[in-house]
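With numbering that gives the first Met the number 0, the residue at position 39 of the sequence shown is 38, and numbering never jumps.
All residues carry an ideal CB built from backbone N, CA and C; glycine is no exception.
Everything numeric in this text was worked out from a predicted model, so none of it was measured.
Working notes for the structure below.
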Amino acid sequence: MKLSLVTIGQSPRVDITAELDGYLPTGVEIIEFGALDHLDEAGIAAIAPRAREGHLTSRLRDGGSAVFGHGHTVPLVQRAIRSGEDAGADATVLLCAGDFPGVVHDKPLFLSERLSHDGVRGLLSGLGAGRLGVVRPLPEQLDAGYAHWGRSLGRFPAAMAAASPYTDSLETIAAASAKVADRVDLVVLDCMGFGEDARRAAAEASGVPVVTVRGVALRLLSSLL
């Protein structure tokens with residue numbers, strides 16, 4: 000099986016594939032494509048968020064990161080999905096915790112956002128009052144985050160905070176998690192850039208269960224492969 004990983008930033012996503020290798024069965028071939036693969040620094044600067052446009056952030060090829068507008072990114076994501084299918088992918092995984100409805104695909108397309116939201120909802124069903132705390136990368140994403148998770152859960156998260164897996168330290172991520180912990184039963188680190196090291200730091204600081212959207216989505220996906 001050939002599985003295409005599509006990032007909204009630039010490929011390769013060595014941070015994600017290192018973790019994914021532990022979940023995949025033998026015989027799965029990974030190919031990678033990024034929405035921003037063909038853009039240089041000036042090109043990325045040109046798609047900075049406009050007024051009232053949703054903010055996205057992702058990893059770049061050189062290990063840095065960028066912030067860009069959601070509306071600008073949709074056609075670039077579509078292009079990357081098509082590139083993977085043209086390269087022979089049997090299925091595609093979109094590596095973003097944001098919402099990308101309406102993208103066109105011929106082969107199965109798995110949205111990390113849907114996989115993770117549905118998985119988190121299931122986990123919450125067994126935890127106390129089911130109150131969710133969310134850590135998102137950017138302060139500009141917090142207001143939209145309440146609505147985004149509210150649509151999935153049927154009620155708004157109890158608390159939210161901002162810390163980035165790309166620009167902030169583990170200590171800052173842990174502090175953001177601890178900030179929301181006293182009002183929740185579960186904390187989710189809501190960006191595909193958050194890995195197991197961030198999850199462990201957040202869990203130790205918060206004292207409540209912590210999951211990453213990456214871990215939930217990839218584990219659920221691996222059960223199908």
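Mark residue i as exposed unless 16 or more other C-beta atoms lie within 10 angstroms of its C-beta, in which case mark it buried.
i: leucine 55; result: buried
i: alanine 128; result: exposed
i: proline 136; result: buried
i: aspartate 85; result: exposed
i: leucine 223; result: exposed
i: leucine 103; result: Checking the sequence, you will find valine at residue 103 rather than leucine. Valine 103 comes out exposed.
i: glycine 107; result: According to the sequence as given, residue 107 is proline; it is not glycine. With fewer than 16 other Cβ atoms within 10 Å, it is exposed.
i: proline 24; result: exposed
i: glycine 42; result: exposed
i: methionine 0; result: exposed
i: histidine 37; result: exposed
i: arginine 198; result: buried
i: glycine 105; result: The sequence shown places aspartate at residue 105, rather than the glycine named in the question. Exposed, by the Cβ-count rule.
i: alanine 88; result: buried
i: arginine 58; result: buried
i: serine 163; result: buried
i: aspartate 189; result: buried
Apart from the five residues on each side of it in sequence, which residues of its chain come closer than 8 Å, Cβ to Cβ, to residue i?
i: glycine 68; result: Ile46, Ala47, Pro48, Arg49, Glu52, Gly53, His54, Leu55
i: glutamine 140; result: Gly53, His54, Ala161
i: glutamate 40; result: none
i: valine 207; result: Gly132, Ala180, Val183, Asp184, Leu185, Val186
i: glutamate 203; result: Ala173
For residue i, which residues of its own chain have a beta-carbon under 7 Å away from its beta-carbon, when the five flanking residues on both sides are left out?
i: leucine 94; result: Leu4, Val5, Thr6, Arg12, Ile15, Ser111, Met191
i: serine 82; result: Phe32
i: alanine 200; result: Leu169, Ile172, Ala173
Report the CB separation of residue i from residue j in whole angstroms; it is logged as a contact under 8 Å.
i: alanine 187; j: valine 119; result: Looking at the sequence provided, one finds valine at residue 187 rather than alanine. About 5 Å; that satisfies the 8 Å criterion.
i: arginine 130; j: alanine 157; result: 4 Å
i: valine 73; j: phenylalanine 109; result: At roughly 18 Å, the Cβ-Cβ gap does not stay under 8 Å, so valine 73 and phenylalanine 109 are not in contact.
i: glutamate 18; j: leucine 217; result: 7 Å
i: leucine 2; j: valine 92; result: 7 Å
i: tyrosine 165; j: serine 10; result: Rounded, the Cβ-Cβ distance is 15 Å, inconsistent with contact.
Which same chain residues end up closer than 6 Å to residue i when comparing Cβ atoms and leaving out the 5 residues on each side of it in sequence?
i: leucine 126; result: Asp184, Leu185
i: arginine 182; result: Ala157, Ala158
i: histidine 71; result: Ile46
i: arginine 60; result: Gln9
i: lysine 236; result: Residue 236 lies beyond the range of the chain shown here (0 to 224); nothing can be said about it.
Check whether the Cβ atoms of residue i and residue j lie closer than 8 Å to each other.
i: glycine 26; j: glycine 8; result: no
i: leucine 114; j: valine 215; result: yes
i: valine 134; j: serine 176; result: yes
i: alanine 79; j: valine 212; result: no
i: glycine 132; j: alanine 180; result: yes
For chain C, is any of its Cβ atoms less than 8 Å away from the one on residue i?
i: serine 168; result: Considering every chain present, this structure includes no chain C. It has just one protein chain.
(Q) Report the start-end ranges of each beta strand (DSSP E) in the region 136 to 199 that is 3 residues or longer and not cut off at the edges. (A) Entirely contained in the region 136 to 199, the beta strand (DSSP E) runs reaching 3 residues are, in chain order, 158 to 161, 185 to 188.
Q.
If we require 3 or more residues per run, which beta strand (DSSP E) segments fall completely within the region 20 to 54?
A. If you keep only unbroken beta strand (DSSP E) runs of at least 3 residues inside the region 20 to 54, you get 28 to 33.
Q) Where in the region 64 to 121 do unbroken runs of the beta strand (DSSP E), each at least 3 residues long, occur, reported from the N-terminal end onward? A) Runs of the beta strand (DSSP E) inside the region 64 to 121: 64 to 68, 90 to 94, 108 to 110.
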